[in-house]
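S.K.: Residue numbers (the working numbering): 396 to 673.
Built from N, CA and C at the ideal position, the CB exists for glycine as well.
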């Protein structure tokens, strides 16, 4: 479940997280960058009184170490600090509100008594359930660490996916097929080279000399090749029928194809048995 903190003071006031096993006045104070906009976190365990959740460190302004006077209603326990990526904390349920549409992944403790589970949604106006008697549910520290690491992995995978989507929008793809005597030619190397516009020596954006763009691909068993993440522009081809062989190209310095951002260009089949290519 993704949550957002509510009722916290501005960044100058911060969120007090009492360290486990320290003296009564020893605590760490965590300052969020912009708590009024809401801080998104991942719940990994719930009890009637408290919630254990993972907060990304990118949402924090800084952490003050050392003795701090605790404030009523602002205390929590710092359970785990996962490198530079996230912290795991336990805070009172009253300080959280769920984001609509989110779900709880659930981390059930083996020590949980029968019939006791995470609190679910209740009808508007219905009284809150009374806290159950007995010791508070706690997840073993190594379980918490494993969940934190999994959350971090999921975040990194999602970041990579978003980067790939953005890159696909900004670049193009060239696909085609290589033949030898009319039959598919596997393991042929296809090289594309960007052609600079005639008379263009400097990049319009940076004022620096244009860097040549050269990319390669190898044909599969059906002679097909695919060059992805190609920057937009005009390109010409070079072909190598086998590794270590001669490079073939058409008798022209002009561009053969134009690549557009977000589009796939299907190039015509190329017969490499004819030299030079026409």
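#1: Keeping to the same chain, check which residues put their C-beta closer than 7 Å to that of residue 621; ignore five residues upstream and five downstream.
#2: Given a cut-off of 9 Å on the beta-carbon distance, is the pair residue 587 and residue 609 in contact?
#3: Spatial neighbours of residue 516 within its chain, please: CB distance less than 6 Å, with the 5 preceding and 5 following residues excluded, ordered by chain position.
#4: Using the Cβ count rule (16 or more neighbours within 10 Å means buried), how would you classify residue 642?
#5: Need the endpoints of the beta strand (DSSP E) that residue 487 sits in, please.
#6: Below 9 Å between beta carbons: does that hold for residue 481 and residue 573?
#7: Per the contact definition of three or more C-beta pairs closer than 8 Å, is the segment 643-651 in contact with the segment 622-631?
#8: Straight-line CA distance for residue 660 to residue 654?
#9: Count the other CB atoms, across all protein chains shown, that sit within 10 Å of the CB of residue 560; report buried if there are 16 or more and exposed otherwise.
#10: Do you know offhand how far residue 663's Cα is from residue 617's?
#11: Less than 9 Å between the C-beta atoms of residue 562 and residue 614, yes or no?
#12: Using the Cβ count rule (16 or more neighbours within 10 Å means buried), how would you classify residue 594?
#13: Applying the 10 Å Cβ sphere with the 16-neighbour rule, what's the burial state of residue 583?
#14: Starting from residue 571, trace the beta strand (DSSP E) in both directions and tell me its first and last residue.
#15: Got a sec? Which residues, its chain only, sit under 7 Å from residue 635 by beta carbon, not counting five neighbours each side?
#16: Going by alpha carbons, who is nearest to residue 453 out of 439, 440, 550?
#17: What does the alpha-carbon distance come out to for the pair residue 639 and residue 658?
#18: Given residue 449, which residues of its chain have a CB within under 7 Å of its CB, disregarding the five upstream and five downstream residues?
#19: Which word fits residue 589, buried or exposed, when buried means at least 16 other C-beta atoms lie within 10 angstroms of its C-beta?
#20: Once DSSP output is grouped into helix, strand and coil, what is the label at residue 544?
#21: Between the Cα of residue 576 and those of 556, 624, 665, spot the shortest distance and give me the residue it belongs to.
#22: Let me confirm a value: residue 485 is counted as buried when at least 16 other C-beta atoms fall within 10 Å, else exposed. Which label applies?
M.R.: According to the data block:
#1: 568, 570, 612
#2: yes
#3: With a pLDDT of only 44 at residue 516, under 50, the local geometry of the prediction cannot be trusted, and the value read off the model is given with reservation. Same-chain partners within the cutoff: there are none.
#4: exposed
#5: 481-487
#6: no
#7: yes
#8: 7 Å
#9: exposed
#10: 15 Å
#11: no
#12: Residue confidence is low: residue 594 scores 48 on pLDDT, short of 50, so the model does not pin down where it sits. Its coordinate-derived value is still stated next. Counting Cβ neighbours within 10 Å, residue 594 comes out exposed, since fewer than 16 surround it.
#13: buried
#14: 567-575
#15: 583, 584, 642
#16: 550
#17: 32 Å
#18: 436, 437, 439, 481, 483, 543, 546
#19: buried
#20: helix
#21: 665
#22: buried
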